[in-house]
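Residue numbering for the first sequence follows our numbering, starting at 2 and increasing by one per position. Note that CB positions come from ideal geometry on N, CA and C, so glycine has one too. Computed from a predicted structure; not experimentally measured. Here the structure comes first, spelled out in structure tokens, and everything after it is commentary.
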Amino acid sequence: MSETSERRYQAGEIESRWQELWEREQTWHVENHAPAGARQPKSYVVEMLPYPSGEPHIGHLKNYAIGDAIAHFQRRTGHRVLHPMGFDSFGLPAENNAIKTGVHPRVATEASIASFQRAFRSWGISIDWSREIASHTPEYYRWTQWIFLQLHRRGLAYRKEAAVKWCPNDQTVLANEQVVDGRCERCGYEVELRQLEQWFLRITDYAERLLDDLDTIEWPEHVKLMQRNWIGRSVGAEVNFRCQELGIDYPVFTTRPDTLFGATFFVMAPEHPDVLRLAAGTEREAEVHAYVNHALTESLEDRGDAEKTKTGVFLGRTVTNPVTGEEIPMYVADYVLMEYGTGAIMAVPAHDERDFAFARQFGLPVRHVVAPLDGSTPPADAAYVTKGDDAVLINSGEFDGLTPKQGFERIVAWLDRQGIGHASVNFRLRDWLISRQRYWGCPIPIVYCERCGVVEVPEDELPVRLPEIEDYQPQGRSPLAAAEDWVQVRCPECGADARRETDTMDTFVDSSWYFLRYCDPQNTHAAWDPKVLSQWMGVDIYIGGVEHAILHLLYARFFVKVFADLGLLEVQEPFRRLFTQGMILGPDGQKMSKSRGNVIPPSPLVERFGADTVRTYILNMGPPEQDAAWNEGALGGAHRLLSRIWTLADELCSAEAIAPTDAAAQPSEPQGEALTLVRKANWAIDRVTTELSGRFGFHNAIAAITELVNDLYRYPQAERGARTFAVTTAASLLFPFAPHLGAELFQRLTGRRVWEEPWPAADPEMLSAETFELVCQVNGKVRDRVQAPSDAERELLEQLALDAPGVRQHLDGHELVKVVVVPGKLVNIVVR
RNA sequence: GCCGCGGUGGUGGAACGGUAGACACGGCGGACUCAAAAUCCGCUGCCCGCAAGGGCGUGGGGGUUCGAAUCCCCCCCGCGGUACCA
2 MSETSERRYQ
12 AGEIESRWQE
22 LWEREQTWHV
32 ENHAPAGARQ
42 PKSYVVEMLP
52 YPSGEPHIGH
62 LKNYAIGDAI
72 AHFQRRTGHR
82 VLHPMGFDSF
92 GLPAENNAIK
102 TGVHPRVATE
112 ASIASFQRAF
122 RSWGISIDWS
132 REIASHTPEY
142 YRWTQWIFLQ
152 LHRRGLAYRK
162 EAAVKWCPND
172 QTVLANEQVV
182 DGRCERCGYE
192 VELRQLEQWF
202 LRITDYAERL
212 LDDLDTIEWP
222 EHVKLMQRNW
232 IGRSVGAEVN
242 FRCQELGIDY
252 PVFTTRPDTL
262 FGATFFVMAP
272 EHPDVLRLAA
282 GTEREAEVHA
292 YVNHALTESL
302 EDRGDAEKTK
312 TGVFLGRTVT
322 NPVTGEEIPM
332 YVADYVLMEY
342 GTGAIMAVPA
352 HDERDFAFAR
362 QFGLPVRHVV
372 APLDGSTPPA
382 DAAYVTKGDD
392 AVLINSGEFD
402 GLTPKQGFER
412 IVAWLDRQGI
422 GHASVNFRLR
432 DWLISRQRYW
442 GCPIPIVYCE
452 RCGVVEVPED
462 ELPVRLPEIE
472 DYQPQGRSPL
482 AAAEDWVQVR
492 CPECGADARR
502 ETDTMDTFVD
512 SSWYFLRYCD
522 PQNTHAAWDP
532 KVLSQWMGVD
542 IYIGGVEHAI
552 LHLLYARFFV
562 KVFADLGLLE
572 VQEPFRRLFT
582 QGMILGPDGQ
592 KMSKSRGNVI
602 PPSPLVERFG
612 ADTVRTYILN
622 MGPPEQDAAW
632 NEGALGGAHR
642 LLSRIWTLAD
652 ELCSAEAIAP
662 TDAAAQPSEP
672 QGEALTLVRK
682 ANWAIDRVTT
692 ELSGRFGFHN
702 AIAAITELVN
712 DLYRYPQAER
722 GARTFAVTTA
732 ASLLFPFAPH
742 LGAELFQRLT
752 GRRVWEEPWP
762 AADPEMLSAE
772 TFELVCQVNG
782 KVRDRVQAPS
792 DAERELLEQL
802 ALDAPGVRQH
812 LDGHELVKVV
822 VVPGKLVNIV
832 VR
């Protein structure tokens, strides 16, 4: 038959056949509850859900190839695996697209979801599709709204007027986390401050726990560190400074109460509510007004520049330094931030760089209260900043001679006794601003009534559906405000005419709880059944990009803690283990972008080489947590590997006389090349298992399979049983990376379904040989290698090394000092 | 500025303190072919040497050790986070 010469690996046919079977049989479906009596441990594997826009890109494929490999490995190592998928389908791009093209965001989004679904199926990702969620559907956002009500009821969602960050391009407010370098994270426009009344979530109530519980989760250290820095816990004290003239106490927060004696002036933020009042009636009034107005209108970027010259204005008032009794001048200056601490500071120019710069500018006194231990004088041209035990307090009355560390404690205690201060902890984290003046998001289920005020929409009236509107153009208020029919409602409490809240929620609210809904996605009575959640939470491995290190991951942690407090959930942390994958860069090593023209769309590759090849290549690119540039040649290498395995299996299967034995069974007592192959197969099992259960070194796992395959080509004459075992093992090990081919070859070789097979266990007997290559070193340099028995004693190894020819020529004329023997490895002979 | 991570062949990378460079890409050579592609096989860190062999090698400098890519100190470079947070 001509077919024999034409036979080769054809991915397309194989892949669609297995995809159909998995779909028909719903192979990857799991029930909410484990069957009675089942003792399998659970494993909950989640990849960050995609935002559906256009077609999926290659980064998605990497994300899901990683998650899928882990899910398959977990299943075959005896776990009940929950591996769902969903869509983060509210958001600005769809809305901006609607403004441009007139296509309704729902239409565009749902078309995109369909294309993502097609792609995921063509990639063969093992998803339980019965659990799919999409955050824009009323079935989902009904419960997002319900969650909002639970938070509102407990005071965790509240309205306040504040200077909030406003993106003039997207025409909406933003959370602090969405402002990067004073610019809108999404569109890059410079952000403005606006005084607006908005909805906030009280994440600051959880600052301490969000910080502490980082110690309980297995996340990359740098991600934990980013969260720690973002939360920014500072230990210090609050101290009252009294303005005698007006009889008002102004508290400040300081991390350096030990330097209190050095506070020679006092500064308030321009936004501080008392600034104008303090200046009123003084000769500085006009100047202060002008300064405050300027500061409030200045761009965030200019104002936030730490390098610029310090500016400010004397308020014409003084406060009393509570420890020295001195009257010190009050200033307003834009280097003090209203959002942190109390909006006012005590300035200690001698020991704080910023205060020092300000003092220089305004000719204010600099008084050292901390000096080096050796009695030397600190430099006069800079602030002397140290707070450890390497210095000593001076000019500080009864506290002189203490180290700053001791002084901190003693001065705080003293302030406390005097009733003018107390120990205090401050966080950098701010409450989460969730209002958005945009259409394509989850409506906030609140009604405003003239008589009753802010009224919750009753739970049984949820969801508050997003109305259909004509005009998406943002005009400084939510487009929803134009839907007059929708806005006008009866007050749920008194029945009078009332108006709906027209802002929608930040889409990060939607994605802060989806992994909970996955566990119980069809529940129509509740967001979830806590009993079902207790089966699955927390997520055992969460996979996604580092770009979410702060935003999404912090918000999701916050939500889970709130739900735990409400008794809706048993865990304190959503994601036990986090894996952050690196980006796939373009062939030029640059980030892929349309403008650079270096985008590699996955579909044509999948069509040409098959999903298995692309998946294997992506996982073989290097450590998965690292960025890596696309390399077309190496993609071909992955395809070659798969073809080589296919050919090996095909030859075995199409040969006459198929042995009646189980292809997956290790032959007994193999000899010669057969033994080498059996050993290599066991070595590969061991290696792949280690890589998949520990650090996700997929590239090392694939390298081990490659070595096994290379050996199969090297020893074509090896006894058939050993070859069959080795090829079957290769197919089995390959399955998590190239599931279609793994399933296909395993089926042809054994007649069985590989995903129903337990993960192979390495035979310890086969992991070590009778002899090994003994490395013989002289003074740490390798001079020879000889075969030695694996169980040889130290004395024998030493003798073998001393006798090795390569060693002997380096011993001549030298005095033997000592011999180091590492059994099973090497001998190092030290000579002089 | 501060905090963190990382510098290994032409490239991606591998290496419990114990053979540096597995595996792959690329390159070179060979087999097959009329030829090419595909496939298969071999070689491939750098320097000296016909060879046998030797020397040098993990950003640079020092240290610990019988032995360092790996541990410690100093420096250089790159990447990431953050940036008036009192």
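Who are the near neighbours of residue i in its chain, counting only those whose CB is closer than 8 Å to its CB and skipping five residues on each side?
i, result
"residue 146", "443, 444, 445, 446, 458, 463, 464 and 465"
"residue 619", "59, 62, 63, 66 and 585"
"residue 104", "98"
"residue 628", "583, 584, 585 and 586"
"residue 549", "49"
Taking just the CA atoms, how far does residue j sit from residue i?
i, j, result
"residue 872", "residue 33", "Any question about residue 872 goes unanswered here, given that the chain covers just 2 to 833."
"residue 41", "residue 436", "44 Å"
"residue 272", "residue 344", "8 Å"
"residue 217", "residue 565", "16 Å"
"residue 77", "residue 760", "5 Å"
"residue 197", "residue 339", "16 Å"
"residue 605", "residue 742", "19 Å"
"residue 169", "residue 292", "24 Å"
"residue 215", "residue 560", "15 Å"
"residue 248", "residue 321", "11 Å"
"residue 599", "residue 593", "5 Å"
"residue 687", "residue 693", "10 Å"
"residue 881", "residue 637", "Only positions 2 to 833 of the chain appear in this structure, which leaves residue 881 out of reach."
"residue 695", "residue 160", "46 Å"
"residue 454", "residue 504", "17 Å"
"residue 290", "residue 153", "38 Å"
"residue 833", "residue 813", "11 Å"
"residue 18", "residue 86", "22 Å"
"residue 484", "residue 477", "15 Å"
"residue 705", "residue 762", "15 Å"
Please list, in chain order, all residues of the same chain as residue i whose beta carbon is under 6 Å from its beta carbon, the five residues on each side excluded.
i, result
"residue 820", "799 and 830"
"residue 4", "Because the pLDDT at residue 4 is just 40, under 50, the model does not fix this residue reliably, and the value given afterwards should be weighed accordingly. Result list for residue 4: empty, nothing under 6 Å."
"residue 603", "59 and 62"
"residue 45", "83, 537, 540 and 541"
Below 7 Å CB to CB, which residues in the same chain sit around residue i once its five sequence neighbours on both sides are set aside?
i, result
"residue 151", "567"
"residue 650", "728, 732, 746, 749 and 750"
"residue 52", "89 and 92"
"residue 684", "768"
"residue 786", "774, 775, 776 and 777"
In the DSSP assignment, what residue or residues form a beta bridge with residue i?
i, result
"residue 321", "243 and 328"
"residue 347", "267"
"residue 498", "491"
So does the stretch 666-685 actually touch the stretch 714-722, counting three or more Cβ pairs closer than 8 Å? yes
For the structure I just gave you, are there three or more beta carbon pairs, one from the stretch 414-434 and one from the stretch 384-395, closer than 8 Å? no
Evaluate the contact criterion for the stretch 492-499 versus the stretch 511-525: three or more CB pairs, one atom per stretch, below 8 Å. no
Is it the case that the stretch 78-88 contacts the stretch 35-52, given that we only count it when at least three CB pairs across the two stretches are under 8 Å? yes
Mind pulling the alpha helix (DSSP H) runs of 4 or more residues that sit fully within the stretch 218-277? 222-232
Within the stretch 579-637, note down every full beta strand (DSSP E) run reaching 3 residues or more, in order along the chain. 579-582
Does the stretch 256-266 come within contact of the stretch 345-353, defined as at least 3 CB pairs closer than 8 Å? yes
Completely contained beta strand (DSSP E) runs for the stretch 102-135, where each covers 3 or more residues: The qualifying runs do not exist here; there are none.
Which whole runs of the beta strand (DSSP E) in the stretch 377-439 are 3 residues long or more, in chain order? 392-394 and 422-428
With a threshold of 8 Å, are at least 3 pairs of Cβ atoms found where one atom belongs to the stretch 300-314 and the other to the stretch 349-363? yes
Is the stretch 541-548 close to the stretch 569-581, with three or more CB pairs under 8 Å? yes
Inter-stretch contact (C-beta, 8 Å, three-pair minimum) for the stretch 112-132 and the stretch 790-808: no
Can you list, in chain order, the stretches of the beta strand (DSSP E) that have 3 or more residues and sit fully within the stretch 131-180? 158-168 and 173-175
For the stretch 370-378 against the stretch 292-307, do three or more pairs of beta-carbon atoms, one drawn from each stretch, fall closer than 8 Å, so that the two count as touching? no
With contact counted as at least three CB pairs below 8 Å, one residue from each stretch, are the stretch 152-166 and the stretch 470-488 in contact? Per the Cβ contact rule, the stretch 152-166 is not in contact with the stretch 470-488 (fewer than 3 Cβ pairs under 8 Å).
Inside the stretch 803-829 only - beta strand (DSSP E) runs reaching at least 3 residues: 817-823
Any contact of the stretch 276-295 with the stretch 218-231, i.e. 3+ C-beta pairs under 8 Å? no
3-residue-minimum beta strand (DSSP E) runs that sit fully inside the stretch 713-763, ordered along the chain: none
Which ranges does the alpha helix (DSSP H) cover as unbroken runs of at least 4 residues, wholly within the stretch 517-578, from first to last along the chain? 531-537 and 552-566
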